[in-house]
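Novice: Protein chains in written order, with this note's numbering: chain Z, 1 to 324; chain P, 1 to 393.
Backbone N, C-alpha and C fix where the C-beta goes; we use that ideal spot for every residue, glycine too.
All of these numbers come straight from a predicted model, not from anything done at the bench.
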């Protein structure tokens with residue numbers, strides 16, 4: 001049933017694209033462009049042949065490489081996978097790059113791949129963004145739909161991003177789909193509570209592209225230099241905080257020169273010190289996991305910060321004016 | 001809201017003893033039910049941002065971040081200990097004695113190191129060639145610039161004497177500047193907890209050392225420190241006299257008695273105040289005390305000057321960046337000494353001294369009076385201010 005549907009969708013596209021070759025499983029040239037039908041090698045099973053690769057548009061060298069990798073991967077449905085990729089509108093060189101970046105794709109089932117791609121489309125990734133995302137981050141194709149949904153739900157329900165914002169996040173930072181959910185939430189909470197940044201700014205600054213340790217490093221460096229303050233309850237600070245995108249979206253050199261105004265040596269030593277602090281904090285947390293609960297007691301009557309779930313932690317800050 | 005008394009106070013006590021707690025977390029949680037709403041550390045930082053932002057301008061952010069990070073220690077070698085290979089072991093970890101390194105570095109440039117000014121036969125007529133040598137007996141090992149390794153606690157030798165004392169390496173500088181010569185009598189006016197006192201004793205030049213601190217408990221601690229670091233025969237009353245009185249009185253009772261006087265006054269201990277909440281001098285209940293500090297410091301320095309013999313030297317030091325506690329106190333003390341006591345005191349230029357140690361420490365450029373070691377992430381020592389005074393009459 002699935003195969004029939006697949007063949008049907010393949011055909012539709014074939015008609016519109018005009019040159020779509022088929023993999024060898026097709027028994028009949030169904031609505032295909034007549035000029036191509038004769039050359040399709042018919043082979044039982046889903047096995048990839050050099051000929052079919054050439055027909056798909058790969059050059060000889062490309063085809064050879066793909067064929068070798070495909071055989072090595074022992075993927076059983078490579079032709080359908082490739083077809084799905086072609087359906088997306090990716091040209092052969094892009095596909096080759098994807099396979100080089102992420103050879104696990106060979107081992108997928110074409111149907112699964114198609115489902116996942118469709119799901120991403122449903123999440124709002126339009127043509128253009130979708131292809132770009134897959135080209136830059138082919139691993140996304142390996143992720144089950146359930147996983148994508150879990151991440152999306154976390155971003156919407158716990159972090160209160162709009163659906164539109166979630167789409168943007170997925171487009172700009174697809175690696176977010178692979179991140180551990182607790183760490184993802186922590187990263188958000190760090191930016192929200194500790195840095196006082198709100199959702200639109202987070203999306204604009206591509207917050208989720210950066211690792212938590214690097215985020216913390218760049219932020220704490222500024223904070224301890226006196227160049228960044230956690231806003232108080234009213235969102236006020238004594239100084240003007242640099243916009244998040246100026247902090248995160250620039251190279252380290254630019255960040256040091258323009259925002260932190262410090263030398264690279266200072267920053268490197270600081271990074272080492274932060275790593276040590278985090279390591280020791282981690283060890284402390286092992287012993288005192290109940291401590292945070294008690295500290296949280298007196299914070300219960302505080303309004304729940306725009307409904308965002310507040311993790312009961314106490315961060316050492318330079319200026320956290322925690323008024324009750 | 002009732003305090004949430006819980007058993008974790010016991011757990012905390014137990015935890016304290018088995019691992020290192022970063023100082024920024026040292027709040028007496030066993031008594032406090034909540035964390036303070038306006039922590040004194042924040043008040044301190046706010047105070048610093050206001051005053052030092054103006055005073056130090058572009059340098060302040062780098063100093064601020066350094067003070068809020070783990071400080072760097074030096075290991076003051078205890079020459080009274082017979083721990084074998086103490087120095088070699090530390091050197092194997094990558095440390096170096098900054099005193100001998102910085103001094104030998106300069107000796108390469110100066111062929112002669114004489115007190116007398118007549119020796120000018122060297123082609124390099126820098127003032128450096130006229131500088132006094134620095135006591136080579138004090139050894140203090142530090143890790144290289146940018147290296148954030150920690151020292152392990154010192155081990156005792158066969159008689160229970162510890163091999164080295166961990167302290168801020170910049171604390172050794174006032175003692176080096178004091179330049180104790182063999183046979184001298186020395187007064188340490190505000191000695192506790194005793195790091196500088198130990199450094200003084202390492203010179204092996206002190207004939208008689210008077211150690212004083214106002215606080216009884218801190219004097220006890222100092223006494224215990226000395227017991228851990230000195231063999232019993234050196235703790236003789238005739239060699240080391242420990243008192244616990246107001247240092248200001250010693251100026252009158254011990255007038256003109258000492259060759260060298262070290263006045264390491266109580267101050268706002270900037271680094272400590274920015275990180276540690278417990279008993280912080282910036283907490284509101286201590287505001288008056290804090291505001292009266294410059295006056296107290298001036299009085300202590302005056303007492304120190306009075307206690308110095310004619311021709312002797314006084315070194316004034318603090319661990320604060322504040323001009324009010326540093327240069328202003330020195331200048332006020334000098335003018336008061338002249339006007340009220342008729343004592344002429346001359347400031348000694350320590351620029352050569354700062355130059356010599358500029359590889360290890362970051363010094364503030366061009367102070368009016370004295371030298372100031374600034375905390376910097378690559379050399380996270382200080383803040384230490386020092387000024388050397390010469391009593392002329």
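What three-state label does DSSP hand residue 287 of chain P in the structure shown?
Specialist: Numbered from its first residue, the second chain carries residue 287 of chain P at position 287. Here residue 287 of chain P sits in helix by DSSP.
Novice: Output the boundary residues of the alpha helix (DSSP H) element that contains residue 418 of chain P.
Specialist: Nothing can be reported for residue 418 of chain P: it is not among the residues displayed for chain P, which extend from 1 to 393.
Novice: With DSSP run on the structure shown, which of helix, strand or coil describes residue 346 of chain P?
Specialist: The residue you call residue 346 of chain P lines up with position 346 of the second chain. Strand at residue 346 of chain P.
Novice: Using 10 angstroms around the beta-carbon of residue 126 of chain Z, count the other beta-carbons present and answer buried if the total reaches 16, otherwise exposed.
Specialist: Locating residue 126 of chain Z in the first chain gives position 126, where the first residue counts as 1. Under this definition residue 126 of chain Z is an exposed residue.
Novice: Within a Cβ cutoff of 7 Å, which residues of the same chain sit near residue 248 of chain P, ignoring the five residues on either side of it in sequence?
Specialist: Looking up residue 248 of chain P in the second chain gives position 248. Closer than 7 Å at the Cβ level, and outside the excluded window around residue 248 of chain P, lie 299, 300, 303.
Novice: Residues of chain P with CB closer than 7 Å to the CB of residue 269 of chain Z, please, in chain order.
Specialist: The sequence position of residue 269 of chain Z within the first chain is 269, counting from 1. Going along chain P in sequence order, the residues near residue 269 of chain Z (Cβ under 7 Å) are 146, 148, 377, 378.
Novice: Work out the CA separation of residue 190 of chain Z and residue 81 of chain P for me, nearest whole Å.
Specialist: Within the second chain, numbered from 1, the residue matching residue 81 of chain P stands at position 81. Within the first chain, numbered from 1, the residue matching residue 190 of chain Z stands at position 190. Answer to the nearest angstrom: the Cα atoms are 50 Å apart.
Novice: So with Cβ pairs under 7 Å, would you call residue 142 of chain P a contact of chain Z?
Specialist: The sequence position of residue 142 of chain P within the second chain is 142, counting from 1. Cβ-Cβ to chain Z under 7 Å: no for residue 142 of chain P.
Novice: With DSSP collapsed to three states, give me the class of residue 363 of chain P.
Specialist: Reading the second chain from its first residue, position 363 is the one you call residue 363 of chain P. Looking at residue 363 of chain P - three-state DSSP - the assignment turns out to be strand.
Novice: Measuring only between beta-carbons, confirm whether residue 252 of chain Z sits less than 7 Å from chain P.
Specialist: As a first step, residue 252 of chain Z must be located in the first chain, where it is residue number 252. Chain P places no beta carbon closer than 7 Å to that of residue 252 of chain Z, leaving this residue out of the contacts.
Novice: Which residue comes first and which comes last in the beta strand (DSSP E) that contains residue 123 of chain Z?
Specialist: Within the first chain, numbered from 1, the residue matching residue 123 of chain Z stands at position 123. Here residue 123 of chain Z belongs to no beta strand (DSSP E), and DSSP marks it neither H nor E.
Novice: Would you list, in chain order, the members of the stretch 66-85 of chain P that have their beta-carbon closer than 9 Å to a beta-carbon of chain Z?
Specialist: 66, 67, 68, 69, 70
Novice: State yes or no: is the beta carbon of residue 387 of chain Z nearer than 7 Å to at least one beta carbon in chain P?
Specialist: The structure shown does not extend to residue 387 of chain Z, since chain Z spans only 1 to 324, so no value can be given for it.
Novice: Tell me, please, whether the stretch 190-209 of chain P touches the stretch 160-174 of chain P by the rule of three or more beta-carbon pairs shorter than 8 Å.
Specialist: yes
Novice: So what does residue 60 of chain Z bridge to, in DSSP terms?
Specialist: Translated into the one-based positions of the first chain, residue 60 of chain Z becomes position 60. Note: residue 60 of chain Z sits in no beta bridge, so no partner.
Novice: Between residue 64 of chain P and chain Z, is any beta-carbon pair separated by less than 7 Å?
Specialist: Along the second chain, read from residue 1 onward, the residue named residue 64 of chain P stands at position 64. By this cut-off, residue 64 of chain P is an interface position.
Novice: According to DSSP, is residue 78 of chain Z part of a helix, a strand, or is it coil?
Specialist: Sequence index remark: in the first chain, residue 78 of chain Z carries index 78 (1-based). Note: residue 78 of chain Z maps to helix in three-state DSSP.
Novice: Can you name the start and end residues of the beta strand (DSSP E) that residue 241 of chain P belongs to?
Specialist: Translated into the one-based positions of the second chain, residue 241 of chain P becomes position 241. Its beta strand (DSSP E) spans residues 240-243.
Novice: With a threshold of 8 Å on Cβ separation, who are the neighbours of residue 251 of chain P within its own chain once the five nearest residues in sequence on each side are excluded?
Specialist: Here the question's residue 251 of chain P lines up with position 251 in the second chain. For residue 251 of chain P, same chain residues with a beta-carbon under 8 Å away, outside a window of 5 residues either side, are 302, 303, 304, 305, 306, 307 in chain order.
Novice: Considering Cα atoms alone, identify which of Z/174, Z/124, Z/271 is closest to residue 66 of chain P.
Specialist: One-based indexing of the second chain puts residue 66 of chain P at position 66. Closest by alpha carbon: Z/271.
Novice: When DSSP labels each residue in this structure, what does residue 210 of chain Z get in the three-state scheme?
Specialist: Translated into positions along the first chain, residue 210 of chain Z becomes position 210. In the structure shown, residue 210 of chain Z sits in coil (DSSP, three-state: anything other than H, G, I, E or B).
Novice: At what residue ranges does the stretch 190-272 of chain Z contain a whole run of the alpha helix (DSSP H), taking only runs of 4 or more?
Specialist: As far as the stretch 190-272 of chain Z is concerned, its whole alpha helix (DSSP H) runs of at least 4 residues are 199-204, 212-225, 244-248.
Novice: Report back the beta-carbon spacing between residue 141 of chain P and residue 74 of chain P to the nearest angstrom; my notes put them in contact at under 8 Å.
Specialist: Position 141 of the second chain holds residue 141 of chain P. Position 74 of the second chain holds residue 74 of chain P. About 6 Å separates the two Cβ atoms, so the contact holds.
Novice: Name the chain Z residues whose beta carbon is nearer than 7 Å to that of residue 49 of chain P?
Specialist: Position 49 of the second chain, counted from the start, is the residue given in the question as residue 49 of chain P. Simply 226.
Novice: Grouping DSSP H, G and I as helix and E and B as strand, with all else coil, what is residue 392 of chain P?
Specialist: Along the second chain, read from residue 1 onward, the residue named residue 392 of chain P stands at position 392. Here residue 392 of chain P sits in coil by DSSP.
Novice: May I ask you to list the residues that DSSP assigns as paired with residue 384 of chain P?
Specialist: Translated into positions along the second chain, residue 384 of chain P becomes position 384. Per DSSP, the beta-bridge partners of residue 384 of chain P are P/373.
Novice: Please give me, in chain order, every unbroken run of the beta strand (DSSP E) with length at least 3 that falls completely inside the stretch 150-212 of chain P.
Specialist: 164-167, 184-188, 206-212
Novice: Given a cut-off of 7 Å on the beta-carbon distance, is the pair residue 430 of chain P and residue 365 of chain P in contact?
Specialist: As shown, chain P starts at 1 and ends at 393. That puts residue 430 of chain P outside it, with no answer to give.
Novice: Do we get a CB-CB distance below 7 Å when we pair residue 174 of chain P with the residues of chain Z?
Specialist: Here residue 174 of chain P corresponds to residue number 174 of the second chain, with the count starting at 1. Judged by the 7 Å Cβ criterion, residue 174 of chain P is not in contact with chain Z.
Novice: For residue 357 of chain P and residue 44 of chain P, I'd like the C-alpha separation in whole angstroms.
Specialist: Locating residue 357 of chain P in the second chain gives position 357, where the first residue counts as 1. Locating residue 44 of chain P in the second chain gives position 44, where the first residue counts as 1. When rounded, the distance between both Cα atoms is 29 Å.
Novice: Select from Z/145, Z/117, Z/143 the residue whose C-alpha is nearest the C-alpha of residue 132 of chain Z.
Specialist: Mapped onto the first chain, residue 132 of chain Z falls at position 132. Ranking the options by Cα distance to residue 132 of chain Z, first place goes to Z/117.
Novice: Taking all protein chains shown into account, do 16 or more other C-beta atoms lie within 10 angstroms of the C-beta of residue 339 of chain P, making it buried, or fewer, making it exposed?
Specialist: If you number the second chain from 1, residue 339 of chain P lands on position 339. Classification for residue 339 of chain P: exposed.
Novice: Looking only at its own chain, which residues have a Cβ that is under 8 Å from the Cβ of residue 179 of chain P, when we skip the five neighbours before and after it?
Specialist: Residue mapping note: residue 179 of chain P aligns to position 179 of the second chain, counting from 1. Hits under 8 Å: 132, 134, 135, 260, 313.
Novice: What in chain Z is Cβ-close to residue 153 of chain P, meaning under 8 Å?
Specialist: Start at 1 with the first residue of the second chain, and residue 153 of chain P comes out as number 153. The contacting residues do not exist; residue 153 of chain P stays about 17 Å from chain Z at best.
Novice: Leaving out five residues before and five after residue 252 of chain Z in sequence, what residues of the same chain have Cβ atoms less than 8 Å from its Cβ?
Specialist: Along the first chain, read from residue 1 onward, the residue named residue 252 of chain Z stands at position 252. For residue 252 of chain Z, where only same-chain residues beyond five positions count, the Cβ hits under 8 Å are 264, 267.
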